[in-house]
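Chains H, F, D and R supply the protein sequences, listed in that same order. Numbering-wise (the UniProt record's numbering), the first sequence opens with residue 1 and increments by one. Numbering-wise (the UniProt record's numbering), the second sequence opens with residue 1 and increments by one. Numbering-wise (the UniProt record's numbering), the third sequence opens with residue 1 and increments by one. Numbering-wise (the UniProt record's numbering), the fourth sequence opens with residue 1 and increments by one. Every residue, glycine too, gets a C-beta built ideally from N, C-alpha and C. Values in this document were obtained by computation on a predicted structure and should not be read as measured data.
There are 4 protein chains.
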Amino acid sequence: MLNRVILIGRLTKDPELRYTPSGHATSTFTLATDRPFSSGQGEREADFIPIVTWRQTAEACANYLRKGRLCAVEGRIQTRNYENNEGRRVYITEVVADNVRFLERGQTPQSSPERGQGDPFPDDGRPIDISDDDLPF
Amino acid sequence: MLNRVILIGRLTKDPELRYTPSGHATSTFTLATDRPFSSGQGEREADFIPIVTWRQTAEACANYLRKGRLCAVEGRIQTRNYENNEGRRVYITEVVADNVRFLERGQTPQSSPERGQGDPFPDDGRPIDISDDDLPF
Amino acid sequence: MLNRVILIGRLTKDPELRYTPSGHATSTFTLATDRPFSSGQGEREADFIPIVTWRQTAEACANYLRKGRLCAVEGRIQTRNYENNEGRRVYITEVVADNVRFLERGQTPQSSPERGQGDPFPDDGRPIDISDDDLPF
Amino acid sequence: MLNRVILIGRLTKDPELRYTPSGHATSTFTLATDRPFSSGQGEREADFIPIVTWRQTAEACANYLRKGRLCAVEGRIQTRNYENNEGRRVYITEVVADNVRFLERGQTPQSSPERGQGDPFPDDGRPIDISDDDLPF
DNA sequence: TTTT
DNA sequence: TTTT
Chain H
1 MLNRVILIGR LTKDPELRYT PSGHATSTFT LATDRPFSSG QGEREADFIP IVTWRQTAEA
61 CANYLRKGRL CAVEGRIQTR NYENNEGRRV YITEVVADNV RFLERGQTPQ SSPERGQGDP
121 FPDDGRPIDI SDDDLPF
Chain F
1 MLNRVILIGR LTKDPELRYT PSGHATSTFT LATDRPFSSG QGEREADFIP IVTWRQTAEA
61 CANYLRKGRL CAVEGRIQTR NYENNEGRRV YITEVVADNV RFLERGQTPQ SSPERGQGDP
121 FPDDGRPIDI SDDDLPF
Chain D
1 MLNRVILIGR LTKDPELRYT PSGHATSTFT LATDRPFSSG QGEREADFIP IVTWRQTAEA
61 CANYLRKGRL CAVEGRIQTR NYENNEGRRV YITEVVADNV RFLERGQTPQ SSPERGQGDP
121 FPDDGRPIDI SDDDLPF
Chain R
1 MLNRVILIGR LTKDPELRYT PSGHATSTFT LATDRPFSSG QGEREADFIP IVTWRQTAEA
61 CANYLRKGRL CAVEGRIQTR NYENNEGRRV YITEVVADNV RFLERGQTPQ SSPERGQGDP
121 FPDDGRPIDI SDDDLPF
C-alpha cells in the first residue's frame, strides 16, 4: 500500500551507527524540518523527525552526515511498539529511509573526526546519492 | 522546508471529532497501511499511522469516513510533546492531513448512524476530494 | 537526485503491452486525474498523464487494469526525445511507474476478454500491490 | 484527485518571467534532475523537466533562481495542448509548482544583473521558502 | 535547446 | 534531548 515520505531538513546531532546481532548496519538520526509558516511567537519552528536507515545507506550516513547538515530523505512511515523496562508499552513512529541525498558539501566537524571520512562529494563535484532497499533483512 | 507524506490505507476505527475551545473542528483517526513485502510469518503486516485533520476536512472525515474504509491522505509529519499526568514527557509523531480522498463509496455503518450523513459521492458518481489549509489557525 | 511522482486516477483506455527486441515487457497507458478545483465552466477537468511500466509491473497492468479502472501510480518523470518520420524532433515527458496499486476490484471488461485474466484481488480480499525496479535494464 | 510531484534539480537556464494580459506573473524554467543509476556510457544522465510557476512564486524564482542553481520543487503534473502555427496539435506535459525551495545561497550571475536582486537568504541565514496557490486564477 |  |  502507498506510504511515501519526502523530507528536507537538518540533522540535530551526528548520526548514531549500530550493528544488529546478525551484523547489519543501521543508523539513526533526527531531522529538523522548518515549518512553513511559523510566526515565531512562541510557536514551535520545526518538526523533529526520527529517521532510521539500513545497510550501505546507514554507513554512508554515519560517514558523511553530521549535525547541522542539510539533506533530503525519501522513505516510509513505520510504526512499532515495545514494552519498556517499567512494563509500559511504548509506541514509536519513525521514518525508514530508502534514499538519502546530501545537499551540502561537508567538511567533517571536529566533534567526530574519528568517524568522518571526509567529503561525500567526489572530484567531479556531484553529490553522492545513496540508495538502499529498506527491507528489514 | 519540504515535509510531504502520501498514504493510502484503511481506517482502524471511526474518526473522532472534537472542537477546540475556540470552536475549530478537528478529527483524528488511525490509518492502517499494508507493508509492501511482509512475509506474513510473525511479522507485522501493516503500519498504524495517526492522522489529524482540521476544519472542513475534519468535518467531512467525521461525516463520511468509517472503520475499514479506504482513503488517500496527503499531509506532513508533525512532532509535538506534552507532559502527561504522571509528570512524564510524551513525544508524539503524527500526520497532519491537508487533503483526504475517499476511495470507496460508503454506506454508513450501523455502528454510528447518528453521525454519518450518507454517501460522499454526489449524483455524478465522482468522489469528493476535500482539501484544507493545515495551519493550526 | 530526487524525482518522485504519486498519482491517483483512472485509465482512459486499456493498457498497451509490447515487448522489446530483447524480450522485456513494457506497457503504456494514460491516467486521467481530476483537477482539484475545476469550475467546470469550459475548463479542462482532468490531466491526462502518460504512464510507462516495465517487466512484471507491465504484465500485471496489462492483465488486470482496464479502461476506467482507478489506480495509484508511484514513479518518476522521464523526458526523452526522438526524430519523427518528418525529421522533426519530438519531446516526450512521461511517468515511469515503479509501483502500481489497483484500487478497485475488476471484472474484466467485455472489450478485451482475451487478455484479462480475471480479478487482481486474491481470495483474502486484499488487493495486489505490484512493484518493480524501474531501471531501463 | 491525487497528483503530486517532488523534484530536486538544477536550472538549465535562467527563468523566463512573463505577465498574462490580465497582469499575472508566470515564470518558466527547466530543471535537470540527475538519474539515479546512469552508467554514463552513452546514456542520458538527467531528465529535463519543464516547470511553470505563478504569482509571487514566479517573481521570486525570476529574482533569485539562476542557471545551475539547485532547488526543490513541489507541484503537480499538468497536461495541455494547443494548435501550433502549422495547424498541428502540440501536447505539453509540465509541472506546475506550488512550492519552490532554494537549496543554495546565490550570488546573482553576471549574465543577468538587471533582474537579480541578490541573495534569497536573509540575514538570519535561513533560506526563503516560497509558496503559492497554483490555481490558474 | 540542457544543469553540477 | 533538538537544526540553520
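#### Entry: Option nearest F/E59 by Cα separation, candidates F/I6, F/G9 and F/T26
Taking only the C-alpha atoms, the option nearest F/E59 is F/T26.
### Query
Residues bridged to H/R66 by DSSP?
For H/R66, which the question treats as bridged, DSSP gives no partner whatsoever.
### Task
Return the residues of the stretch 78-103 of chain H that lie within a Cβ-Cβ distance of less than 9 Å from chain R, sorted by chain order.
Within the stretch 78-103 of chain H, those residues whose Cβ lies closer than 9 Å to any Cβ of chain R are, in chain order, N99, R101 and L103.
### Query
Would R/I51 pass as a contact of R/F29 if the rule is Cβ separation under 8 Å?
Taking C-beta atoms as the reference points, R/I51 and R/F29 count as a pair closer than 8 Å.
### Query
With burial defined as no fewer than 16 other Cβ atoms inside 10 Å of the residue's Cβ, what is the status of R/F102: buried or exposed?
Answer is buried; the Cβ neighbour count reaches 16.
### Task
Spell out a yes or no on whether the stretch 57-77 of chain H and the stretch 90-105 of chain H are touching, meaning 3 or more CB-CB pairs, one atom from each, closer than 8 Å.
Touching, per the Cβ criterion.
### Task
Could you confirm whether any beta carbon from chain D is found closer than 8 Å to the beta carbon of F/P113?
The pLDDT assigned to F/P113 is 37, lower than 50, so where the model puts this residue is not dependable, and the model offers no usable value.
### Task
Put H/Q56 into one of helix, strand or coil per three-state DSSP.
Collapsing the DSSP output to three states places H/Q56 in a helix.
### Query
So which of F/A32, F/E16 and F/N3 has the shortest CA-CA distance to H/T79?
Here the closest residue by C-alpha is F/A32.
### Task
Please confirm if H/D47 has its CB atom under 8 Å from at least one CB of chain F.
For H/D47, the answer is yes, since a Cβ of chain F falls inside 8 Å of its Cβ.
### Task
Note down, in chain order, each residue of its chain lying with its Cβ closer than 6 Å to the Cβ of D/R10, except the 5 sequence neighbours on either side.
Close CB contacts of D/R10 within its chain, under the 6 Å cut and outside five residues either way in sequence, are with A32, G68 and L70 (chain order).
### Message
Taking the beta strand (DSSP E) that H/R18 belongs to, which residues open and close that run?
### Response
In the DSSP assignment, H/R18 falls within the beta strand (DSSP E) that extends over E16 to Y19.
### Query
In chain order, what residues of the same chain lie with their CB nearer than 6 Å to the CB of H/I92, ignoring the 5 residues before and after it?
Result list for H/I92: R80, in chain order.
### Query
So is R/E86 buried or exposed if we call it buried at 16+ other beta carbons inside 10 Å?
Counting Cβ neighbours within 10 Å, R/E86 comes out exposed, since fewer than 16 surround it.
### Message
Just to confirm the assignment, what range does the beta strand (DSSP E) spanning D/E94 have?
### Response
Residues R89 to F102.
### Rounded C-alpha distance that separates R/E45 from R/R35
Taking the straight line joining both Cα atoms gives about 6 Å.
### Query
Is it right to say F/Y82 is buried, meaning 16 or more other beta carbons lie within 10 angstroms of its own, or is it exposed?
So F/Y82 ends up on the exposed side.
### Message
Residues in the same chain with beta-carbon distance under 7 Å from F/A62, minus the five sequence neighbours each way, listed in chain order, please.
### Response
If the five residues before and after F/A62 are omitted, its C-beta is found closer than 7 Å to the C-beta atoms of P15, L17, S27 and R115, all from its own chain and listed in chain order.
### Query
Under the rule that 16 or more other beta-carbon atoms within 10 Å means buried, what is F/L2, buried or exposed?
Buried, since its Cβ has 16 or more Cβ neighbours within 10 Å.
### Message
Taking the alpha carbon of F/G75 as the reference point, which residue from F/Y64, F/E94, F/V90 and F/K13 has its own alpha carbon closest?
### Response
Distance check between F/G75 and each of F/Y64, F/E94, F/V90 and F/K13 places F/E94 closest, using alpha-carbon atoms only.
### Message
Could you check whether the Cβ of H/I6 sits closer than 8 Å to any Cβ belonging to chain D?
### Response
In terms of beta-carbon proximity, H/I6 lines the interface with chain D, with at least one pair separated by less than 8 Å.
### Query
For F/V90, which residues of its own chain have a beta-carbon under 8 Å away from its beta-carbon, when the five flanking residues on both sides are left out?
Around F/V90: N81, Y82, E83 and N84.
### Message
Just checking: is the beta-carbon of H/A60 within a distance shorter than 8 Å of some beta-carbon in chain D?
### Response
Not an interface residue.
### Message
Between R/G75 and chain D, is any beta-carbon pair separated by less than 8 Å?
### Response
Cβ-Cβ to chain D under 8 Å: no for R/G75.
### Query
Where does the unbroken beta strand (DSSP E) through D/F29 begin, and where does it stop?
Counting along the chain, the beta strand (DSSP E) containing D/F29 begins and ends at A25 to D34.
### Query
Shortest alpha-carbon distance to D/H24 belongs to which of D/D47, D/T53 and D/I8?
Looking at the Cα atoms, D/T53 is the closest of the given residues.
### Query
By Cβ distance, which residues of its chain are closer than 8 Å to H/K13, with the 5 residues on each side in sequence left out?
Answer for H/K13: F29, T30 and K67, listed in chain order.
### Query
From the DSSP output, which residues share a beta bridge with F/C71?
Under DSSP, F/C71 takes part in a beta bridge, and its partners are F/G9 and F/F102.
### Query
Between D/I77 and R/D47, is the Cβ-Cβ spacing less than 8 Å?
Between D/I77 and R/D47, the CB-CB gap stays under 8 Å.
### Task
List the residues of chain R whose Cβ lies closer than 9 Å to the Cβ of D/T33, in chain order.
For D/T33, the residues of chain R that pass the 9 Å Cβ criterion are M1, L2, N3, R76 and I77, in the order they occur in the chain.
### Query
For D/N3, which three-state DSSP category applies?
DSSP, read as helix, strand or coil, puts D/N3 in strand.
### Whole-angstrom distance between F/L65 and R/R4, CA atom to CA atom
One alpha carbon belongs to R/R4, the other to F/L65, and they sit about 23 Å apart.
### Query
If you draw a straight line from the C-alpha of D/I8 to the C-alpha of F/R88, how long is it?
Straight across, the Cα-Cα distance linking D/I8 with F/R88 is about 42 Å.
### Message
I'd like to know whether the C-beta of R/A25 is nearer than 8 Å to at least one C-beta of chain H.
### Response
Taking Cβ atoms only, chain H never reaches closer than 8 Å to R/A25, which makes this a no.
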